[in-house]
Each structure stands twice: as structure tokens, then as C-alpha cells.
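Please read the structure below before turning to the comments.
There are 2 protein chains.
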Amino acid sequence: MTDAPLDAIEAARRPRIAIEAVSPTVDGGRFPVKTVIGRAIVVEADVFADGHEVLRAEVVWRPRGEGDWRRAPMAELPNDRWRAAFTPEAIGRHEFAVEAWWDDFGTFRRDLTKKREAGLDVALETDEGLILLEEIASTAPQQAAKALADIILATRALGVSDRVAALLSPETHAAVEAAGHRAFLTRSAAYGLEVDRVQAAFASWYELFPRSESGDPTRHGTFRDVIRRLPQIRDMGFDVLYFPPIHPIGKTNRKGPNNTLTPGPNDVGSPYAIGSPDGGHDALHPELGSLEDFRALVAAAADNGLEIALDFAIQCSPDHPWLKENPGWFKWRPDGSMKYAENPPKKYQDIVNVDFYGPDAVPGLWVALRDVVLFWASEGVKTFRVDNPHTKAFPFWEWMIEEVKLEHPDAIFLSEAFTRPKVMYRLAKLGYSQSYTYFTWRNHKAEITEYLTELTTTAPKDFFRPHFFVNTPDINPYFLQTSGRAGFLIRAALATTLSGLWGMYNGFEICESAPLPGKEEYLDSEKYEIRIRNWAQAGNIIPEITRLNRIRKENPALHSHLGVRFYNCFDDHVLYYGKPRFAEDGSGRIEDMVLVFVNLDPFTVKNAPYEVPLWEFGLPDHGAIAVEDLMRGNRFTLTGKEQWIHLNPNELPFHVWRLTNLSGVA
Amino acid sequence: MTDAPLDAIEAARRPRIAIEAVSPTVDGGRFPVKTVIGRAIVVEADVFADGHEVLRAEVVWRPRGEGDWRRAPMAELPNDRWRAAFTPEAIGRHEFAVEAWWDDFGTFRRDLTKKREAGLDVALETDEGLILLEEIASTAPQQAAKALADIILATRALGVSDRVAALLSPETHAAVEAAGHRAFLTRSAAYGLEVDRVQAAFASWYELFPRSESGDPTRHGTFRDVIRRLPQIRDMGFDVLYFPPIHPIGKTNRKGPNNTLTPGPNDVGSPYAIGSPDGGHDALHPELGSLEDFRALVAAAADNGLEIALDFAIQCSPDHPWLKENPGWFKWRPDGSMKYAENPPKKYQDIVNVDFYGPDAVPGLWVALRDVVLFWASEGVKTFRVDNPHTKAFPFWEWMIEEVKLEHPDAIFLSEAFTRPKVMYRLAKLGYSQSYTYFTWRNHKAEITEYLTELTTTAPKDFFRPHFFVNTPDINPYFLQTSGRAGFLIRAALATTLSGLWGMYNGFEICESAPLPGKEEYLDSEKYEIRIRNWAQAGNIIPEITRLNRIRKENPALHSHLGVRFYNCFDDHVLYYGKPRFAEDGSGRIEDMVLVFVNLDPFTVKNAPYEVPLWEFGLPDHGAIAVEDLMRGNRFTLTGKEQWIHLNPNELPFHVWRLTNLSGVA
């Protein structure tokens, strides 16, 4: 037989209390959960032990690097589940855990109460209670120990009935609480929590090429030109103004209009071909202006309530200074040439990629890239849209983003990875605050419902913030190529109400859609040439976008993709969903709800029956509810669950309503 | 700006390849997955990296403590999922992990092939291939390096076209494989795997009190009496013969018949009141026989293909020697008395509990309890039914079971925890091989379906083996109290076909059901008195039980609860399910299927429409399939999906069929 008393001593020190299935967590704690400041985090866990003793549990949390834990008591739910909520007070990385312990005195109180109620003799129990109090006092802080000693002395002198009253008194309870006795105290693993500023989850993005902002097709636009445009963008309700790269553009293999390989001498090239004798990723394209001009733009944007987002595109024109200065950061072919970049089926003859594991790349390249981001952050740019992160090493992103956020916890990174789902999710886990999604290609009722259900109810809900772009310089969606103006309104309504983050690339507001024939790309793409537009042209949807952005700001339920509920509208082309806003008292009561109908068919008027979600408000099927049409401003009352909706794409292919319980209406 | 090149060097060493969502795992690897010898384990994982390189992956595994990993290549499934299966070769704890790496030469081969097929000039590519081979050779074992050097030398001398052929040749491929070059090799965490003997998952248990085996109500039964009974139990098809405690029974507070507190001088008491001056947990109740007698019984059982299971009940009669020898293992009251045990609402006035954290309990009590189990294991008993484990400290179980299994990897522990679901599951995670379940109280179609779906498709499937007892000395199910003989047949059919593990307490086969009025207990319970029965009495269901046990043995699909599929029978009282047996070629093809219909209503004849699961065999709705009625022995062919079933509880309230594709019938 073995004989391992030491093992047994070790084993007896292991947690007596089980803490399982802590939520939210990401990959069992390998990656942090994401949240934004001001939003309550609801933590749950299974907490239980052997036997029938009274347990207690707390959620504990703290900013990373701090010593003291904040604490919130957990409430017991059915089936050994416990829950508490807390609201972080600062941005930056936090950690949280669940603590649980045997409440010895709570068990004693419960059992004593039961026995007294059953009329049993409890003289011996009161002796046991006093012994327990002595034990609790023995490890208590001085003041609490003194208070308990007084209680013990006084109680011992009493008769049984008075002893019971003293042992069950609020004073004794308080003294025990102050003693901090926590038998079999167990703490779960600590889980990371990334607390971002609000704009990481809720923001409206507008994308433009500064060089197109001169208003004159013969003149290259500048940062100063962009400053003139800021009030117009602000008035549409956008928060973030995002530029494709603004760095010097290489000449070698420069692209001509429509991605041709034979540019003329005046062709401006793709801004993604970063680097020339004028500098690399930390320099500015000279024709856009100086660093002073850029600083003026950043300041003017802030004055207009806008922040600037830059494009972090880790690739180089063959003219980038790094190729000569740091040849060991690249992969050269045996003949001294280099392969150009590809993201199949796209070919980028004007750029080459760095090699993250090249002979001199570690740590030189990694540090240099991080320092590029830190440089722009020091210039007041805190939001970075990152180009094709899925073709760069995962460990680099995790390290770089953490390094930047240590210095700039307000930094935001948007992943532009249009690739396989698990790769997109991995990038979010590694630190990306936001992610481009498949939204751009989801046009049908079933596929939108399925995708949103995945994003809002499965694992990604805790780490992946979808950014719904309706178009990009690279994506002229097939749907919009043939949908006409109604299609633009449909996509704008979906993006603005389904996600806390939405974005548009300019031209969308004037329903630009001319394609490169047969491709999902724009004709005369701004990636390769300067484009001047007339924003006031007939049929523009600027008023609708402005209204939608205002509705977003005014309705907290629209500040996240989370919480969407799809309801029954009996037409396969009408998507119908609600976003409830809950009472802050934690009761689960719905204060009000944004209700959205979208006719996904841009060509057909729809009349369809639907169900008013009266039950969500605790109302019967024949109940009545107050409605405000947030697009048109009118108000009315709906009575009864079954109603019909009318959606005319020639007018407005969607409705956005706010439902409020009539009893809550003044 | 920060400057952390060392951090970057560290970060660059982190895995470039993501290995996520490894399955099966239990609580992220905190606990081992369970399997039995001879069964293939299917391991899956998400494996992916940045970029578009060719990846490879393997499952690696080994018995705990061994150095070398066994390996199985993983196949790539859609959506970055990978899969491999392996079959452990020994019982005992194992560990497994997933390894993945960049297949540099595989990527080169893929790209070279594509370019050659596109008719491109690949001269430079062949140079690159030779450089890659040199790199691979530089870290290869001597022989492989030599082979590669020869290939490089020979290939370099060739023209482009022959170089391509040489680089893509099977010989070069083989030489590269032998070199073992694995770029960015990544290994997941290692996950535990408990490989048990088959009986941990598949066994039929029979429970009796040896003291009732004399055949004479005036004589206390003995182990020798049990030996006489063995052939009868074996002939019914049972594998395990389980006894309630066989240790000396205390006199203090001994229970009388029907759990009364006033026993007469000849009352035998509850065997759960363990311990007397004759000894404790490692002694035998003198009236049952000597240790020699017990050894003779264990040997005779083995000769009959039966193994003995003992009851490990950690509690003591007040007369147990431990109370005097080790008072520090118990919790005493201030007046020197001790509380008796309770498992609300049940009261056990004749027993007291040990205190796992009492003043001298660690390590003394823990080691003593472990040594009790080791003692009986050394006497040839390898299966232990553990009484009320949920009222004993979790860490004790994890430590004790691991200690015992290190010495006796064939040990099996059955958890008798009738408590909350998460506690029951926790005990299984901690090491219990088998668990009593809620089956005993699941009588309706919906609740049986729901419970089996939970057990077979959610987390417990990987660690919780349900043991379906139809009755126990403590549980005389309400259903059986009024169901008559048909009810016994119903419960036997369910238990034997739904679970790999089933058990019955004697009396079930003669449809005993007289209750203590109003309670879920037996009248004149054998727990408190000797009971002599006539096994041959009219109406007994021994032939049906015998047949069911034989069907279990002959049909591997019935050797586990896993794999059950519920089908449509359009009657709310007819439960209808299949258990497929798959082809061993891994194709997913079903060889045959056990199909079970159970009329859950013991009083009503049912005629109900149902669907023959032709689609499971790849057959059309009008297809035909061969059926063997395993209870009656007749054979027939069913043609067409829609059929009617007839179930008469006065004859047999269930059918057990085997379906075989007609093409597979000789």
C-alpha cells in the first residue's frame, strides 16, 4: 500500500468549494473579455460545496497592477448559479474573479432559527453558537474581536431564550460581519477585462480620401481642404473621420486608374503603396500638407466633435526607406528581387510585405511598427484601422496592441480582416477593439438573422465588436450596384440600427454605385485617382443618414449590437427586430424599445402582418402601447398584438419606432 | 515612448499557430475526459495561422508518466477544424494534446505546382526550393540530412523542368518528411484522459443483502449462502453483484424494523451503522462469515463471471472503534455528545459522520479511509458504490480516487449522490467512474427525452457515466407502487436499452412494490430486517430480464448511453429511440441499429403511427429494411417510412428490434 500523508495534507488544502463556469470569459481566461466604461458587467458562476452549509460569494475586481480588490456580493439564483454586477470606474485592463466561502455563522443562524421554530430545546445550540463566536473572534481584527468578546460575555450570562435572541440579533450579525471570518475561502482564477472608452463600441465612421477634398479635379486635396469639410460631416452625425494611408506614396510599380499597371506621369497612385524618399509610415505625403497642417486638422476635428482615424497598413512600396535601411526585415528572393503582396485573388504589384520572422525582424521590425503607432498616438490619433491583419503574425498583434494600450488605454484598433470566421475572431481575442464583418454581404432575412444571432448570443458576444460598413473603397456591394436609392436606405437602416459601430465610405450618401464591370469594385476607384463629387446632388440620402445618426445618439439601445431580438413579421423580405432598453434597477423590466422594420426588397411595396411584442412589456395580446415614429416624428397607439406594416421603397423602405409602455407615458 | 525589445523577443516566441476549442475536454482541462479501453477517442481542434501557408497537425498522446508521445495525423475539416482518432492501449490515466506546424515544403510544393500548371517560368522557384531543402537539411538527423544533400546536389545539376520534377517527386517528399522539419511547431495544453476497463461503462448490476440469503427467515444469511445463489444471478445475465455494507453493525441507537427507534433484542439493524467492538470498515460482520468465507465468495463469483461490488459508506455507528481511537476525526458537541447524521429529510439516528477537517483528520482520517479502500481492493474487490458522496469534502474524493487508481487502475467508483445536478456532475469530474441519476424519477416521454439529451449531447457526455438503477433499498419508486408487472417491464426495458450501466435491487424481478404507506420506501425494508423471498413466484419477470441482458451483451450499441437518437412515434406515451452501430471504417455508415419502442403507460394498449428511420441507412421513404425482433426472435421486413406499432402492456409493453440494411443481410 502507498502511504502518502503529505499528499493528503496537500489535497486537504485544495478548494472545498467548487467555482465553475464563470461567465463572461473568453477561451477559459486566455483572453480578456471586452466592455466599455459605464456599462455594468454581469458576472455569473456556479458556486457550491459538499453538504448543506450556507455559502456566500462575491465578485472581486481591480484595475491591472492595483493591489486592492473591489467587491460586490453575489446573489444566489436557482440551480447553484450566482450573479453580481459591477461597473468599472476607469478604462484600461482590469481583472476579476469570484470568491466564495462557508458562512459558518449564517449556517448556525439558519439552523438555530429552524430549531427554535420547531419548538426544540436549543440550550446546547446556544453553547455551540458562543464557541463559534469565540472562534470567529480569534482571527478577527482587534476592534471586531473586542466587540465579539463583549457580545459573548453578555450573552453567556443570559437564559436560553435571551441567548437565542442575542445570537440572532442584528448587532451580533454586524459584529460577525466585521470580523471577516471566511471559512474555506476560495477564489477562482482571475479573468482579464478590457475596459475601453465608449467609442470602441459605439461610433459612426465616415471615410474619405483627403486628396479628393480640393473641390477641383486638377488640384490635389490637402489636410486644410479637409478642415473645410468637417462641419458637413459633423452635421451628418458622424463621430470618426477615417483616412486611408496619408503617407508618402512610392513610384516603383505605381498603379494607374482602375488598378492598371501603366500609370501616366500625373497619376497619384494607391496610398497603400507606403514609402518613398520622402519617408515611410511616420511621414506624411507632401502633397497633403505638413505635420503642422495635420495637427491643425486633428485639432479642428476635435473642435467639431470628430476624431481622426488613421490606416495602419503594414506594407511598403519598394521605395520605402526600410528596404535599404533594414533589408533583414524582408524576404528576398535568390536573385535579389522580392515577391509583391497578394491577398488572393487581389494582386498588389506596387507593394511588398515585411517578414515578421526575418533575420533582423525580431525585435527591430516589431519595435519599429509599434513605434509608428505610438508616434501617431502622440499626435493625438487614438483610432487605427488596420489593413489585412490576418496576413500578419498573431503574436505581433497581441504584443503591439497591449504595448500601445499600456501607454494609451484610449487607443482603438479596427481589424480589417475579411477572411475565415475563426481567424477574424482570433484577431479580436488578441486585442482588436472592433472588426469588419460579413455584414456587407448579408442581404437576406434568414442570413442577417443567423449572423446577428451568432454575434449576439454565442462566444463572440464577449470579445468581438462588429463594425458594420455599408461600403468601402474596396467593396462596391453587388446589392447596391442594382438596388437604386432604396437599397442605400435599406443598408443604412440596417447598419445604423443593428450595430453600435457603423461606417460608410464617401459616395454612399449620393448613392454612388458604378462598378468596374462584373466586379465588386468601384469604377474609377478613388484608390487610384482623385475624385471630386457634388454632395448636394439630387437623390442624396444625407437627410436620412443624419436622422439615423441622431436616432442612434438618442437611444442607448442602439449603442451596441447586443440585445437585438428578432420578431415575427410574416413576409420573407421584411426583417423585423427590437432593441430593448432595460430599467436600471436590474429588475429586467423594459423601459422602452427601438423597433425596426426593414423591407429588404428595394423594388416592391410590402404590406405584411406582424406581431407587436406586447409580451416584452408584460402586456396581454389585446394590450395597447405608445409608438413614436423616430424617422417621421409622429406618435400613435397600437392596440392588439396582430398588426400590418406598410413599407414603400419609393418613399422609405424602413421604419424606426420607439415603443413605450402607456403607463410610462406622461 | 516605451522601448521593450526584450518583450518583443519574448512575444515573437509565442505560438504563431492558434490551437483552439480542443475537444473533448472537461472544464478546459481541469479534469480528465473519461473513456474505456478499446474505444476510439475522436479529438478535434481549431487549427489555423495567419496567412495562407499549408499547416499540418497531429494528435499526440501517452500514458501518464511515459516520455514518448504516440501520434496520429489530423485531417482538415471545413472551417479550420481538424480531427483525428486514436485508441488507447492500456487502462489508466493518459494525456493528449494537439500539435501543429507550418509545412514549409508543403507550401512550396503547392505553390510550385500551381505556377507550373499556369505555365509560368519557375526557374527562380526551383532555386528557392533548393535553398529551402538546405535549410531543412541543416536541422535534420544525420541520415535524413545526407539523403537531402544528395537530392540537392543531383537536382541542382538539372534543367528547370527536371528540377521541378525532382522537387515534386515522392523521393524528395519522403526525404523531407524524414528530416522532421516543423516550422513554428506549437503544442496545445495537455488534457487528461482516464481510460477505464470496459465495466466502468458497460455492466449490469444486481444488489442483495447477504444476510437475507439463508432461505430461512430464522437464520442469518452468510457469504456461503450467497455462493449458492451465484449461478442464478449469473444466468440472469448480471456482471456485478453489489452488497450494502458487510461490516460489523453497531448496537447503540440500532434501528428496528421499518426504521423504528425501538428495536427488539434480535433485530439486525441497518448495515449502514458501521462499526462495533468487532471492528470497523475493514472488518466483516461476524454473522456473515470470516475473511476466508468472503475470499471464497469473491473467488466463486469470479468463477461465475461476476464481480463483487462493496459499499463504501463513510460513517460510523457510535460503537465504531474510531470514536475512541481517533476522537479528533469527529465533531463533538460541548456536552461531549455528537450530532447524528441527516440527509434531509432522512434522519440516521444510528450513525455519526466524520469531520474531514477535524483537529486530527488531516492526514490521519484521509489516509485511513483511503486504506480501507486499498484493503478491500487487495482482497480482489475493485468496484465500490459510495454512499452519499455529496456530503463529504470534494478534495477528499479527488485525492482518494487518484491514489487508489494509481495502484489499482481497474478500480471503479459509483457515486450515490441523489442531489443537485451540478454537485452530481462535480463528483463525476473529481473521479467517479459512474453515477446514480434522476432516471428513477423520469417516467414521461418528454422528461426522459430531455434528460437523455442532456446526458448524451452536452458537457457531461465526456465525464459522467449514468447508472440507471430501477430501484434501490432506499427507493421504491411511486411509479412501480401502482404500475403492476407491466411497469416493472417498462422500467427494465428503459434501463437496459438507454444506458450502458443498469442495476436492480433484488425483489424487482418478482415485482415487489409494497410501500411504507405514503412514502417512496419499501414496507418491511431489508435495510432493517432479514427478508426471504420466493424467486420462482408467479408473475416474475426473470425471463424478460434475462433476455434483455443477453440483448445488451450481443449489441455493442447498448454498451453506452451515448449515441441514442429519439425518433417520431405519434403517441405521447410511446417513447421510441434507436441506437446505431457504426461501421468501423470511420465512414459514418450505420451497420445496424437497435430500435426500441416503450409504452410508458402500463394500463393502456397503444396503437401508434411511427417513422422507420430509413434515412439513417441512406434509404428512401419507400425503402425496405430487415428487422429482427430481439425479444421474440422473429424476423420480418418493413417497407416504407410510415408504419404503426402495437404495444400491449398485458403481454409486453415494449419492443426491441434490430434493423439491418437488406443489402447487408445474407
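Protein chains in written order, with UniProt numbering: chain A, 1 to 666; chain B, 1 to 666.
C-beta atoms are modelled at their ideal positions from N, C-alpha and C, and glycine is treated no differently.
What span of residues does the beta strand (DSSP E) with residue i cover, start to end?
| i | result |
| --- | --- |
| Lys324(A) | Unbroken run through Lys324(A) is the alpha helix (DSSP H), Pro321 to Glu325; no beta strand (DSSP E). |
| Glu611(A) | Lys606 to Glu611 |
| Met504(B) | Leu501 to Tyr505 |
| Ala49(B) | Ile41 to Ala49 |
| Val386(A) | Thr383 to Asp387 |
| Ala300(A) | Taken as a continuous stretch (DSSP letters only), Ala300(A) belongs to no beta strand (DSSP E), being part of the alpha helix (DSSP H) at Leu291 to Asp303. |
| Pro73(B) | Arg70 to Pro73 |
| Met593(A) | Ile590 to Asn599 |
Quick check on DSSP: helix, strand or coil for residue i?
| i | result |
| --- | --- |
| Ser483(A) | helix |
| His408(A) | coil |
| Asn343(B) | strand |
| Asp216(A) | coil |
| Pro5(B) | helix |
| Asn534(B) | coil |
| Thr139(B) | coil |
| Glu99(B) | strand |
| Asp104(A) | helix |
At the level of alpha carbons, what is the spacing between residue i and residue j?
| i | j | result |
| --- | --- | --- |
| Gly29(A) | Val612(A) | 40 Å |
| Asn266(B) | Pro244(B) | 20 Å |
| Val605(A) | Ala21(B) | 46 Å |
| Ile9(B) | Pro363(A) | 6 Å |
| Glu520(B) | Gly563(B) | 32 Å |
| Arg197(B) | Val367(A) | 55 Å |
| His52(A) | Thr391(B) | 8 Å |
| Glu379(B) | Trp329(B) | 26 Å |
| Pro277(A) | Asp350(A) | 15 Å |
| Ala190(B) | His646(A) | 58 Å |
| Leu130(A) | Glu207(B) | 46 Å |
| Asp80(A) | Gly280(B) | 36 Å |
| Val665(A) | Phe488(A) | Any reading at Val665(A) must be qualified, since the residue scores a pLDDT of 47, below 50, and its modelled position is unreliable; the value itself is stated next. When rounded, the distance between both Cα atoms is 34 Å. |
| Glu287(A) | Ala302(A) | 23 Å |
| Ile37(B) | Leu77(B) | 27 Å |
Grab me the residues of residue i's own chain with a C-beta within less than 8 Å of its C-beta, minus the 5 sequence neighbours each way, in chain order.
| i | result |
| --- | --- |
| Glu325(A) | none |
| Lys382(B) | Glu307, His408, Asp410, Ala411 and Ile412 |
| His573(A) | Lys445, Asn599, Leu600, Asp601, Thr604 and Lys606 |
| Val122(A) | Leu112, Lys115, Arg116, Val160 and Val164 |
Tell me which residue opens and which closes the alpha helix (DSSP H) that residue i is part of.
| i | result |
| --- | --- |
| Arg156(A) | Gln142 to Arg156 |
| Asn549(B) | Ile542 to Glu554 |
| Ser378(A) | Gly364 to Ser378 |
| Lys445(B) | Lys445 to Thr457 |
For residue i, I'd like the list of residues in its chain whose CB is within less than 7 Å of its CB, leaving aside the five on either flank, ordered along the chain.
| i | result |
| --- | --- |
| Arg550(B) | Gly237 |
| Leu6(B) | none |
| Glu44(B) | Ser23, Arg81, Trp82 and Arg83 |
| His559(A) | Ala201, Phe202 and Gly500 |
Could you tell me whether any Cβ in chain E is nearer than 8 Å to the Cβ of residue i?
| i | result |
| --- | --- |
| His181(B) | Among the chains of the structure shown, chain E does not appear; the protein chains present are A and B. |
Spatial neighbours of residue i within its chain, please: CB distance less than 6 Å, with the 5 preceding and 5 following residues excluded, ordered by chain position.
| i | result |
| --- | --- |
| Asp225(A) | Glu213 and Ser214 |
| Lys34(A) | Glu194 and Phe463 |
| Thr660(A) | Asp592 and Ala626 |
Could you list the residues in the stretch 425-443 of chain A with a C-beta less than 8 Å from some C-beta on chain B, going in chain order? Arg426
Against chain B, which members of the stretch 404-422 of chain A pass a CB distance test of less than 8 Å? Leu406, Glu407, Arg420, Pro421 and Lys422
Residues of the stretch 120-132 of chain A with Cβ closer than 8 Å to any Cβ of chain B, in chain order: Leu124, Asp127, Glu128 and Ile131
At a CB distance below 7 Å, what residues from the stretch 276-307 of chain A approach chain B? Give them in sequence order. none
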